[in-house]
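Inspection log for the structure reproduced underneath, given as structure tokens.
Right under this line is the structure:
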């Protein structure tokens with residue numbers, strides 16, 4: 010029941026974003042969309058991702074968007090209706106739905122995604138009967154994989170954030186006037 | 005869940021994805037396009053997390069007495085993706101601020117018109 014209500018709200022929010030022209034309201038709705046997405050992630054047994062989505066997707070993203078609105082504009086101008094984008098989207102959506110027919114049903118324990126690698130990570134964290142813990146020993150498997158097995162990946166992620174920060178600073182820096190120097 | 009209803013989750017994700025895609029290709033306003041990209045991105049996250057769910061599983065935090073855990077790997081990948089996503093969004097928005105300074109507008113068709121006359 011909760012799931013159906015959540016999914017209906019998600020779709021309704023996304024469609025309202027399409028129709029609204031006030032960018033301020035749109036940004037707020039995007040925040041709500043992220044929160045709804047985070048709630049669904051919680052239902053899907055991914056609390057770590059839900060926390061991150063709520064903090065980063067609904068929090069930081071919204072703040073950055075609002076800052077952009079204050080520097081640019083708050084209203085989208087009237088856009089005439091075009092048929093081609095709608096056709097492209099419907100065709101792509103139909104192709105994707107057709108592709109899902111080959112996917113394992115939701116929650117199937119025998120799905121290929123659950124058979125390889127993941128069981129080994131979980132087995133490495135579960136304590137053996139004599140109390141000895143294998144390899145990592147952090148009870149949260151997501152943390153264990155993120156910070157230990159895929160530590161270099163997380164380092165790479167940090168590099169991406171740093172690069173993005175440098176790029177934003179270079180873009181937004183006031184250009185120094187020639188006559189001042 | 006069995007039969008076609010077991011694929012229902014994926015279909016909802018596809019509807020959300022296509023909504024974001026539609027915003028990106030049908031709107032002229034650059035900020036609206038970035039918002040569309042964000043919606044698309046979040047729905048991709050939801051697709052991955054959907055795949056990771058296991059019937060009868062719990063969140064992948066090991067505790068005595070629990071047998072079955074949902075797949076931790078999609079969670080790990082998507083945690084990275086969320087953070088990288090906000091980084092790319094902020095670069096895109098910084099570019100939009102610069103475009104607004106240079107052209108005085110954030111509407112794509114007006115920018116193309118101005119750029120064409122110069």
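Protein chains in written order, with the numbering used here: chain A, 10 to 190; chain B, 5 to 122.
Virtual Cβ for every residue (Gly too), placed ideally from N, Cα, C.
All figures in this text were calculated on a predicted structure; none of them were measured in a lab.
Run through DSSP, which three-state label would residue 65(B) get? As a working mapping, residue 65(B) is identified with position 61 in the second chain. Strand.
At a CB-CB cut-off below 7 Å, which residues of chain A make contact with residue 108(B)? Mapped onto the second chain, residue 108(B) falls at position 104. Counting only Cβ-Cβ distances below 7 Å, residue 108(B) has no contacts in chain A at all, with the closest Cβ about 10 Å away.
Is it right to say residue 91(B) is buried, meaning 16 or more other beta carbons lie within 10 angstroms of its own, or is it exposed? Here residue 91(B) refers to the residue found at position 87 when the second chain is read from its first residue. It counts as buried.
Inter-residue spacing [alpha-carbon to alpha-carbon] between residue 103(B) and residue 179(A): By one-based count along the second chain, residue 103(B) stands at place 99. By one-based count along the first chain, residue 179(A) stands at place 170. Cα to Cα, the separation comes out at about 14 Å.
Could you tell me which residues DSSP pairs with residue 58(B) in its beta bridges? The sequence position of residue 58(B) within the second chain is 54, counting from 1. 116(A), per the DSSP bridge assignment.
Rounded distance between the beta-carbons of residue 49(B) and residue 82(B), thought under 8 Å: Walking along the second chain from the start, residue 82(B) turns up at place 78. Walking along the second chain from the start, residue 49(B) turns up at place 45. About 5 Å separates the two Cβ atoms, so the contact holds.
Which residues DSSP lists as bridging residue 107(A), in chain order: Residue 107(A) sits at position 98 when you count from the first residue of the first chain. In the DSSP output, where bridge partners are listed per residue, residue 107(A) has none listed.
Roughly how many whole angstroms lie between the Cα atoms of residue 44(B) and residue 94(B)? Taking the first residue of the second chain as position 1, residue 44(B) is located at position 40. Taking the first residue of the second chain as position 1, residue 94(B) is located at position 90. Using only the alpha carbons, I get a separation of about 16 Å.
With 16 as the cutoff for other CB atoms within 10 Å, does residue 115(A) come out buried or exposed? For the purposes of this step, residue 115(A) is taken as residue 106 along the first chain, with counting starting at 1. It counts as buried.
Would you tell me roughly how many angstroms separate the C-alpha atoms of residue 86(B) and residue 21(B), rounded to the nearest one? To locate residue 86(B), count along the second chain from 1; it is residue 82. To locate residue 21(B), count along the second chain from 1; it is residue 17. Cα-Cα distance, rounded: 16 Å.
Helix, strand or coil for residue 81(B) per DSSP? By 1-based counting over the second chain, the position of residue 81(B) is 77. Residue 81(B) falls in the helix class under three-state DSSP.
Let's test the definition: count the other Cβ atoms within 10 Å of the Cβ of residue 21(A) and tell me whether it reaches 16, buried, or not, exposed. In the first chain, the residue the question calls residue 21(A) occupies position 12. Its Cβ having fewer than 16 others within 10 Å, residue 21(A) is exposed.
Secondary structure of residue 75(B), DSSP reduced to three states: Stepping through the second chain from its first residue, residue 75(B) is reached at position 71. If DSSP states are grouped into helix, strand and coil, residue 75(B) belongs with coil.
Just checking my contact of residue 47(B) with residue 55(A) at CB under 8 Å: how many whole Å lie between their CB atoms? One-based indexing of the second chain puts residue 47(B) at position 43. One-based indexing of the first chain puts residue 55(A) at position 46. No, residue 47(B) and residue 55(A) are not in contact; Cβ-Cβ is about 15 Å, not under 8 Å.
Cβ-based contacts, 8 Å cut-off: residues of the stretch 49 to 61 of chain B near chain A: 49, 50, 53, 54, 55, 56, 57, 58, 59, 60, 61
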